[in-house]
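Undergrad: Got a structure for you, questions after.
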Amino acid sequence: MKILGIETSCDETAVAIVENGRTVLVNNIISQIELHKEFGGVKPSVAKLAHEEVIDSLIEKTLADVNLSFDQIDAIAVTLGPGLVMSLLVGFKKAKELVKEYNKKLIGVNHLFGHICSNYLESDLEPPFICLLASGGHTQIINVETYIKYEVLGSTLDDACGEAFDKIGRLLGLPYPGGPNLEKLALDGNPKAFVLPEGKVSKYSFSFSGLKTAVLRLVEKLPENFNKADLAASFQENVTNTLTKKIISAANDYHSKKIIIAGGVSANKTLRKKLLEQSPVPVYMPGLKYCTDNGAMIASAGYFLKDLNQDIEMLDVFAKDPSSIKLKISSRL
Ligand code: AMP
Ligand code: MG
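Following my numbering, the numbering of the sequence shown begins with 145 at its first residue and continues without gaps.
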């Protein structure tokens, strides 16, 4: 079964075709990073226009890349949320247009569920497992029992993990997005140079705002020519220690036989290394290109959701009143 996945929840226009939830036939992404750099973060109105500008040609190119036509596509999966409403609507409206024109099944996908499914791409991974989802908007520990049954054990109480990377990146004068740039800078730094505090929250919850404030206060006290690489490395050390400790502890508590990671921060090599070194059970990680937002994970998610009876009426409401549907969709995960 071939599913075309469309993802426009934030600053990437992404379209992919995936066969049977695992085999990626094509995965195209147009990143808007350059457009948002001057704002130091994603500007929703700019994101919407940029998605609109490229979505038609990207879908056309994606089919052409693998010599397929819509006749050979079985269903269209699209991200419904959470994300920037203006951006989500671009993908959703396009998907609706296409299912009408070509008489296909429309499958709505929760973006976070999509991130979990990025681990099924080019892999034979099967649930159950414990998942650490760390992205620009979310940080969660999820107990995944079956392909479609899961329970969120804990979330961040304030900033998301990727958001913390982005904010500290900005503080260090790095371009947006902070995460990958901070990781690069940290390569030249000493992770033990600065001792930073860890958020004191319950077992499966996260808090990064105290850490952010501590870094801010530290920078105010340091001389102007302080070693930025040392601070980047120390910050990364602190965050990856917390993530590693919490996901391993959840896996132990739930007698989980596998740990998986997902979301943009799962591309972080220090995190990947620590997990591989410290986890008592096998660790699965998405390929680097499937960590940040992409269409393949949405197409994969569509495959696992295809037999659920989705409320298309509800999807219709989305176009008229995005805020109401956003709540419903978010509550699914
Ligand atoms: P997503 O929201 O899943 O698209 O992921 C984007 C977020 O992941 C942003 O906050 C990035 O700064 C962060 N991110 C991406 N790559 C890395 C990395 N190598 N290390 C840490 N954070 C990263
Ligand atoms: Mg994401």
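Glycine included, C-beta positions come from ideal geometry on N, C-alpha and C.
Using 8 Å as the threshold, is the region 370-383 in touch with the region 336-345, meaning 3 or more CB pairs across them?
TA: The region 370-383 makes contact with the region 336-345; the number of CB pairs closer than 8 Å reaches 3 or more.
Undergrad: Determine the direct distance from the alpha carbon of Arg-166 to that of Asp-268, and round the result to whole angstroms.
TA: For the purposes of this step, residue 268 is taken as the residue at position 124 of the sequence shown. For the purposes of this step, residue 166 is taken as the residue at position 22 of the sequence shown. One C-alpha to the other measures close to 8 Å.
Undergrad: For the region 218-245, list the beta strand (DSSP E) runs that are entirely contained and at least 3 residues long, ordered along the chain.
TA: 219-225
Undergrad: Determine the direct distance from the alpha carbon of Asn-369 to that of Leu-148, and round the result to whole angstroms.
TA: For this step, residue 148 is matched to residue 4 along the sequence shown. For this step, residue 369 is matched to residue 225 along the sequence shown. Rounded to the nearest angstrom, the two C-alpha atoms are 50 Å apart.
Undergrad: Smallest Cα separation from Ser-213: which of Ile-161, Glu-196 and His-255?
TA: What you label residue 213 is simply residue 69 of the sequence shown in a count that begins at 1. That would be Ile-161, whose Cα lies nearest to the Cα of Ser-213.
Undergrad: Run the proximity test for Thr-436: is its beta-carbon closer than 8 Å to any non-hydrogen atom belonging to the ligand AMP?
TA: In the sequence shown, counting from the first residue as 1, residue 436 sits at position 292. The answer is yes for Thr-436.
Undergrad: Measuring only from the beta carbon, is Phe-273 closer than 8 Å to any heavy atom that is part of the ligand FMN?
TA: Although the ligand FMN was asked about, the structure shown includes only the ligand AMP and the ligand MG as ligands.
Undergrad: Locate the beta strand (DSSP E) running through His-273, then write down its first and last residues.
TA: Working through the sequence shown from its first residue, we reach residue 273 at position 129. For the sequence presented, residue 273 should be read as Phe rather than His. Note, Phe-273: beta strand (DSSP E), 273-278.
Undergrad: Using the rule of at least 16 other Cβ atoms within 10 Å of the residue's Cβ for burial, across every protein chain shown, is Gly-317 buried or exposed?
TA: To locate residue 317, count along the sequence shown from 1; it is residue 173. Exposed.
Undergrad: Per DSSP, what kind of secondary structure is Ile-469 in: helix, strand or coil?
TA: By one-based count along the sequence shown, residue 469 stands at place 325. At Ile-469, the pLDDT of 47 sits below 50, so the modelled position is not reliable; the number obtained from the coordinates is stated separately. Reduced to three states, the DSSP call for Ile-469 is helix.
Undergrad: Tell me whether Pro-226, by its Cβ, gets closer than 8 Å to a heavy atom of the ligand AMP.
TA: Along the sequence shown, one-based indexing puts residue 226 at 82. False, no ligand heavy atom lies under 8 Å from that Cβ.
Undergrad: Let me check you understand the geometry: is the CB of Ala-373 closer than 8 Å to at least one non-hydrogen atom of the ligand AMP?
TA: Position 229 of the sequence shown holds residue 373. No, Cβ of Ala-373 sits at least 8 Å from all heavy atoms of the ligand AMP.
Undergrad: Determine the DSSP secondary structure at Tyr-428, reduced to helix, strand or coil.
TA: On the sequence shown, residue 428 is found 284 positions in, with the first residue counted as 1. It is a strand residue.
Undergrad: Quick one: Cα of Ile-312 to Cα of Phe-183, how far?
TA: Reading the sequence shown from its first residue, position 168 is the one you call residue 312. Reading the sequence shown from its first residue, position 39 is the one you call residue 183. Ile-312 and Phe-183: Cα-Cα distance of roughly 16 Å.
Undergrad: If you follow the alpha helix (DSSP H) that Lys-365 is in, where does it begin and where does it stop?
TA: As a position in the sequence shown, residue 365 is number 221, starting the count at 1. Looking at the DSSP string, the run of the alpha helix (DSSP H) that includes Lys-365 is 353-365.
Undergrad: When you compare only the Cα positions, how much space is there between Ser-410 and Gly-431?
TA: In the sequence shown, counting from the first residue as 1, residue 410 sits at position 266. In the sequence shown, counting from the first residue as 1, residue 431 sits at position 287. Rounded to whole angstroms, Ser-410 and Gly-431 show a C-alpha spacing of 10 Å.
Undergrad: Below 7 Å CB to CB, which residues in the same chain sit around Asn-382 once its five sequence neighbours on both sides are set aside?
TA: In the sequence shown, residue 382 corresponds to position 238, counting from 1. Within the same chain, Asn-382 has close Cβ partners Leu-340, Glu-342 and Leu-355.
Undergrad: Applying the criterion that 16 or more other CB atoms from any shown protein chain within 10 Å of the CB defines a buried residue, is Lys-181 buried or exposed?
TA: On the sequence shown, position 37 is the one that residue 181 refers to. Classification of Lys-181: exposed, given that the 10 Å Cβ count is below 16.
Undergrad: Phe-338 by DSSP, collapsed to three states: which one?
TA: One-based indexing of the sequence shown puts residue 338 at position 194. Phe-338 sits in coil when the DSSP states are folded into three classes, being neither helix nor strand.
Undergrad: Pick out whichever of Leu-193, Asn-171 and Gly-225 has its Cα sitting closest to the Cα of Glu-204.
TA: On the sequence shown, residue 204 is found 60 positions in, with the first residue counted as 1. Taking only the C-alpha atoms, the option nearest Glu-204 is Asn-171.
Undergrad: CA-CA distance, Thr-436 and Glu-245?
TA: Along the sequence shown, one-based indexing puts residue 436 at 292. Along the sequence shown, one-based indexing puts residue 245 at 101. If you take the alpha carbons of Thr-436 and Glu-245, they lie about 30 Å apart.
Undergrad: Would you give the residue range spanned by the alpha helix (DSSP H) that Lys-146 belongs to?
TA: In the sequence shown, residue 146 corresponds to position 2, counting from 1. Going by DSSP, Lys-146 is part of no alpha helix (DSSP H) but of the beta strand (DSSP E) stretching over 146-151.
Undergrad: Give the C-beta separation of Gly-322 and Arg-314 to the nearest angstrom, bearing in mind that I take them to be a contact with Cβ-Cβ under 8 Å.
TA: Locating residue 322 in the sequence shown gives position 178, where the first residue counts as 1. Locating residue 314 in the sequence shown gives position 170, where the first residue counts as 1. Correct: roughly 6 Å between the Cβ atoms.
Undergrad: Out of Ala-394, Ala-219 and Lys-240, which has the shortest C-alpha to C-alpha gap to Lys-249?
TA: One-based indexing of the sequence shown puts residue 249 at position 105. Minimum Cα distance to Lys-249 is reached at Ala-219.
Undergrad: Is it the case that the CB of Lys-413 approaches a heavy atom of the ligand AMP more closely than 8 Å?
TA: Position 269 of the sequence shown, counted from the first residue, corresponds to residue 413. Yes.
Undergrad: For my contact list, Thr-206 and Val-159 are in at a C-beta cut-off of 8 Å; report their separation, rounded to the angstrom.
TA: Sequence index remark: in the sequence shown, residue 206 carries index 62 (1-based). Sequence index remark: in the sequence shown, residue 159 carries index 15 (1-based). About 4 Å; that satisfies the 8 Å criterion.
Undergrad: CA-CA distance, Ser-474 and Gly-227?
TA: As a working mapping, residue 474 is identified with position 330 in the sequence shown. As a working mapping, residue 227 is identified with position 83 in the sequence shown. Because the pLDDT of Ser-474 is 46, which lies under 50, any placement of that residue in the model is unreliable, and the question is left without a value.
Undergrad: Secondary structure at Glu-163, three-state DSSP: helix, strand or coil?
TA: The count along the sequence shown starts at 1 and reaches residue 163 at position 19. Note: Glu-163 maps to strand in three-state DSSP.
Undergrad: Less than 8 Å between the CB of Asp-310 and some heavy atom of the ligand AMP, yes or no?
TA: Counted from its first residue, the sequence shown places residue 310 at position 166. Yes - the ligand AMP has a heavy atom lying nearer than 8 Å to the Cβ of Asp-310.
Undergrad: Taking only three categories from DSSP, how would you classify Gln-454?
TA: Position 310 of the sequence shown, counted from the first residue, corresponds to residue 454. Coil at Gln-454, not helix or strand.
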